[in-house]
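Numbering (our numbering), first residue to last: 109 to 701.
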């Protein structure tokens, strides 16, 4: 919504600005709240107040979808303002000027002096309060008049900025700004810049539709020319043919798109190899699809599934189906489980690595049950090897079978002065029981070198935030295993909240959260109010794995810098305007994390 241009008492604002710069406070209502807040951000960033420090970011790219979609609106706006002393400025999402036009030569000379010109960046965290950078931080149209600017070099200008938001992603892709001398500011400029920004957004939507039509046409041609699985993917749409629907699982679809994601974005690679569910390899040919603007708008993926190879085995056949007691159907989880299953079936030893609480030991026990049904295993907690190292693996079972699997939990936590002893003991076990499968779990980044040679394969399990699509399934499973006199279940809203959580403690933390919620629940349904307080406030939508990682990095940086957004942004290598947008986008609570 566009705010109407309010009358600003320039003298009162200038006095308030001087008061703020000397005392860091303002005792008047002459300054709008969003301007005062921006002044504070600019002061915290230690920006210059008496000169305009503008960074040159490089020659702008004039071939972007934003520039192509904005050109018609910019030409029309230029015609409307031909007789007005107003400049038209288009920036990218970072506040770097892409284009600038004006019919007023005097104004252009002024803009050259302050480097409001193509290639220069007017982000708030570099220039201070201004109509470009501050509007991008706030995410909505904003005007900044005269002394409302933080830098004195801008105090004779008026800036009217409106972010250009892509209708499909709802993310700012740029900004339209109208800049003039403050004495020439007019009440109709805020509405004009906001209306034009909306028209550019609509053109972006139209261009997206054109790309989808081009993608659809190429998809139909591909489907008619082959009986193989065909996928058509873009940032906004995915289409699959009947063959793909019947021969590929939804997890396969995700795995294919995820694996070739980097290749798709580069627009260069033409093929990739992916492991489907169960480990079956597939070759994926990639064809980029361009629209009439010569922009790559999507890709056609044709999947060549390799026929299974017949291999004679002395070991039991490794099943291709997921383990029934290991919960999770996301592609990354299924692929890691398949890798672990294959490795544990060999005699080289399996090392399961990853953060605490992700279920490494649980998976190791499930692998044993799958590969050696009816036989037992020995599970040793290696945090205290003095008490757990047996002289043998245990007595034979009633049917005369000896234990067929040895699981060493927390192998990386063996005290350093006992590692050699443990290593020698493990050598003896492998020599004496050559057919014994050995699996170990490790939460450290790397197992000590004197231990690692015992393991021929390492499988790193993903953290929970890398497989967010599994959280609801896990929550249902864990809730059903809570000891209770009644059968508990989670309400749908509770599951949605849990799916949007951060879970630094992984599955173990999720299990603990549900157990605590069960204690607060009097009935059979765990509702949001039963969850511990720190889990109730989360973001508004389910994040992708990459978004979850970015959110966690921001939270960690904020915590490491005591909530200081300026220092957190610097630590992450992002601008302050970006970190403000991400905090708002991910619903990060700076007080509770």
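Think of the CB as a built atom: it goes at the ideal place given N, C-alpha and C, for glycine as much as any other residue. All of these numbers come straight from a predicted model, not from anything done at the bench.
Exercise. Tell me whether residue 175 sits in a helix, a strand or coil according to DSSP, three-state version.
Key: Counting from 1 along the chain shown, the entry for residue 175 is found at position 67. In the three-state reduction of the DSSP assignment, residue 175 falls in the helix class, which pools H, G and I.
Practice problem: Starting from residue 275, follow the beta strand (DSSP E) in both directions and report where the run begins and ends. | Solution: Counted from its first residue, the chain shown places residue 275 at position 167. Membership of residue 275 in any beta strand (DSSP E) is not indicated, and neither H nor E is assigned to it by DSSP.
Self-check item: Whole-angstrom distance between residue 481 and residue 423, CA atom to CA atom
Solution: Position 315 of the chain shown, counted from the first residue, corresponds to residue 423. Position 373 of the chain shown, counted from the first residue, corresponds to residue 481. With a pLDDT of 38 at residue 423, under the threshold of 50, the modelled position of that residue is not reliable, and no figure is offered here.
Quiz prompt | Among 271, 315 and 308, the one whose alpha carbon lies nearest that of residue 245 | solution = Here residue 245 refers to the residue found at position 137 of the chain shown. Looking at the Cα atoms, 271 is the closest of the given residues.
Quiz prompt | Nearest-angstrom Cα separation, counted from residue 354 out to residue 98 | solution = This structure cannot speak to residue 98, because the chain is shown only from 109 to 701.
Quiz item: Apart from the five residues on each side of it in sequence, which residues of its chain come closer than 7 angstroms, Cβ to Cβ, to residue 341?
Solution: Residue mapping note: residue 341 aligns to position 233 of the chain shown, counting from 1. Counting only Cβ-Cβ distances below 7 angstroms, and skipping sequence neighbours, we find 365, 406, 407 and 409.
Quiz item: Counting along the chain, where does the alpha helix (DSSP H) carrying residue 475 start and finish?
Solution: Numbered from its first residue, the chain shown carries residue 475 at position 367. From DSSP, the alpha helix (DSSP H) with residue 475 extends over 468-479.
Self-check item: residue 221, enclosing alpha helix (DSSP H) - first and last residue
Solution: Within the chain shown, numbered from 1, the residue matching residue 221 stands at position 113. For residue 221, the enclosing alpha helix (DSSP H) stretches over residues 213-221.
Quiz prompt | Where the beta strand (DSSP E) containing residue 90 begins and where it ends | solution = Summary: the structure shown does not reach residue 90, with the chain confined to residues 109 through 701, and so no result is reported for it.
Practice problem: Report the option in 187, 280 and 574 whose CA atom is closest to the CA atom of residue 306. | Solution: In the chain shown, the residue the question calls residue 306 occupies position 198. Selected option, being the one with the closest Cα: 280.
Exercise. Tell me the start and end of each unbroken alpha helix (DSSP H) in the region 576-614 that is at least 4 residues and wholly inside, in chain order.
Key: When DSSP assignments are scanned along the region 576-614, the uninterrupted stretches of alpha helix (DSSP H) that are 4 or more residues long and fall wholly within it turn out to be 579-588 and 600-607.
Self-check item: Paired residues, beta bridge with residue 195 - DSSP
Solution: Here residue 195 refers to the residue found at position 87 of the chain shown. Partner(s): 287.
Self-check item: Nearest neighbour of residue 464, chosen from 487, 490 and 569 [CA to CA]
Solution: Start at 1 with the first residue of the chain shown, and residue 464 comes out as number 356. Measuring from the Cα of residue 464, the nearest candidate turns out to be 569.
Quiz item: Does the Cβ of residue 472 have 16 or more other Cβ atoms within 10 Å, making it buried, or fewer, making it exposed?
Solution: By 1-based counting over the chain shown, the position of residue 472 is 364. In this structure residue 472 is buried. Its beta-carbon is surrounded by 16 or more other beta-carbon atoms within 10 angstroms.
Self-check item: Outcome for residue 627 when other beta-carbon atoms lying within 10 angstroms are tallied against a minimum of 16
Solution: Indexing the chain shown from 1 puts residue 627 at position 519. Under this definition residue 627 is an exposed residue.
Exercise. Would you kindly work out how many angstroms separate the C-alpha atoms of residue 519 and residue 565, rounded to a whole number?
Key: Numbered from its first residue, the chain shown carries residue 519 at position 411. Numbered from its first residue, the chain shown carries residue 565 at position 457. Pairing residue 519 with residue 565, the inter-Cα distance amounts to about 15 angstroms.
Self-check item: Reduced DSSP secondary structure (H/G/I, E/B, other) of residue 535
Solution: As a first step, residue 535 is located in the chain shown; it is residue number 427 there, counting from the start. Looking at residue 535 - three-state DSSP - the assignment turns out to be helix.
Practice problem: To the nearest angstrom, report how far apart residue 528 and residue 466 are at their CA atoms. | Solution: The sequence position of residue 528 within the chain shown is 420, counting from 1. The sequence position of residue 466 within the chain shown is 358, counting from 1. Distance between the alpha carbons of residue 528 and residue 466 is about 28 angstroms.
Quiz item: Comparing alpha-carbon positions, which option in 273, 252 and 235 lies nearest residue 259?
Solution: As a first step, residue 259 is located in the chain shown; it is residue number 151 there, counting from the start. Minimum Cα distance to residue 259 is reached at 235.
Quiz item: Does the separation of the CB atoms of residue 411 and residue 358 fall below 7 angstroms?
Solution: Counted from its first residue, the chain shown places residue 411 at position 303. Counted from its first residue, the chain shown places residue 358 at position 250. No, Cβ-Cβ distance for residue 411 and residue 358 is not below 7 angstroms.
Quiz prompt | residue 316 versus residue 278 - alpha carbon distance | solution = For the purposes of this step, residue 316 is taken as the residue at position 208 of the chain shown. For the purposes of this step, residue 278 is taken as the residue at position 170 of the chain shown. Note on geometry: alpha-carbon atoms of residue 316 and residue 278 lie some 13 angstroms from one another.
Quiz item: Between residue 151 and residue 552, what straight-line distance do the alpha-carbon atoms span, to the nearest angstrom?
Solution: Residue mapping note: residue 151 aligns to position 43 of the chain shown, counting from 1. Residue mapping note: residue 552 aligns to position 444 of the chain shown, counting from 1. Between residue 151 and residue 552, the C-alpha separation is close to 42 angstroms.
Self-check item: Beta-carbon spacing of residue 438, residue 575 below 7 angstroms
Solution: What you label residue 438 is simply residue 330 of the chain shown in a count that begins at 1. What you label residue 575 is simply residue 467 of the chain shown in a count that begins at 1. Yes, they are a contact pair.
Practice problem: Figure out for me which residue from 400, 624, 212 and 413 has the closest Cα to the Cα of residue 390. | Solution: In the chain shown, counting from the first residue as 1, residue 390 sits at position 282. That would be 413, whose Cα lies nearest to the Cα of residue 390.
Practice problem: Could you give the DSSP three-state label for residue 563: helix, strand or coil? | Solution: In the chain shown, counting from the first residue as 1, residue 563 sits at position 455. Three-state DSSP puts residue 563 in coil, outside helix and strand.
Quiz item: If we count the other Cβ atoms within 10 Å of its Cβ and call it buried at 16 or more, is residue 693 buried or exposed?
Solution: Walking along the chain shown from the start, residue 693 turns up at place 585. In this structure residue 693 is buried. Its beta-carbon is surrounded by 16 or more other beta-carbon atoms within 10 angstroms.
Quiz prompt | Boundaries (first-last residue) of the alpha helix (DSSP H) holding residue 379 | solution = Here residue 379 is taken as the residue at index 271 of the chain shown, counted from 1. That residue, residue 379, is in no alpha helix (DSSP H); its beta strand (DSSP E) goes 379-383.
Quiz item: Given a threshold of 16 other Cβ atoms within 10 Å of its Cβ, counted over all protein chains shown, does residue 524 qualify as buried or as exposed?
Solution: Sequence index remark: in the chain shown, residue 524 carries index 416 (1-based). Exposed: under 16 other Cβ atoms inside 10 Å.
Quiz item: Exposed or buried, residue 443, counting other C-beta atoms within 10 Å across all chains shown (16 or more means buried)?
Solution: Taking the chain shown and counting its residues from 1, one reaches residue 443 at position 335. Around the C-beta of residue 443, 16 or more other C-beta atoms lie within 10 Å, and the residue is accordingly described as buried.
Quiz item: What three-state label does DSSP hand residue 643 in the structure shown?
Solution: Residue 643 sits at position 535 when you count from the first residue of the chain shown. DSSP places residue 643 in helix when its eight states are reduced to three.
Practice problem: Spell out a yes or no on whether the region 166-176 and the region 214-222 are touching, meaning 3 or more CB-CB pairs, one atom from each, closer than 8 angstroms. | Solution: The region 166-176, when compared against the region 214-222, does not touch it at the 8 angstroms Cβ threshold.
Quiz item: Exposed or buried, which one is residue 562 when buried takes at least 16 other CB atoms within 10 Å?
Solution: As a working mapping, residue 562 is identified with position 454 in the chain shown. So residue 562 ends up on the buried side.
Self-check item: Spatial neighbours of residue 267 in its chain, beta-carbon cut-off 7 angstroms, leaving aside the 5 residues before and after
Solution: Along the chain shown, read from residue 1 onward, the residue named residue 267 stands at position 159. So the qualifying residues of the chain are 238, 239, 240, 251, 252, 285 and 287.
Quiz item: With which residues is residue 391 paired in a DSSP beta bridge?
Solution: Residue mapping note: residue 391 aligns to position 283 of the chain shown, counting from 1. Bridge partners of residue 391: 381 and 412.
Practice problem: Pick helix, strand or coil for residue 319, following the three-state DSSP scheme. | Solution: Numbered from 1 along the chain shown, position 211 holds the residue referred to as residue 319. In the structure shown, residue 319 sits in a helix (DSSP, three-state: H, G or I).
Practice problem: Just mark residue 400 as buried or exposed, buried being the case when its beta carbon has 16 or more other beta carbons within 10 Å. | Solution: Residue mapping note: residue 400 aligns to position 292 of the chain shown, counting from 1. Burial call: exposed.
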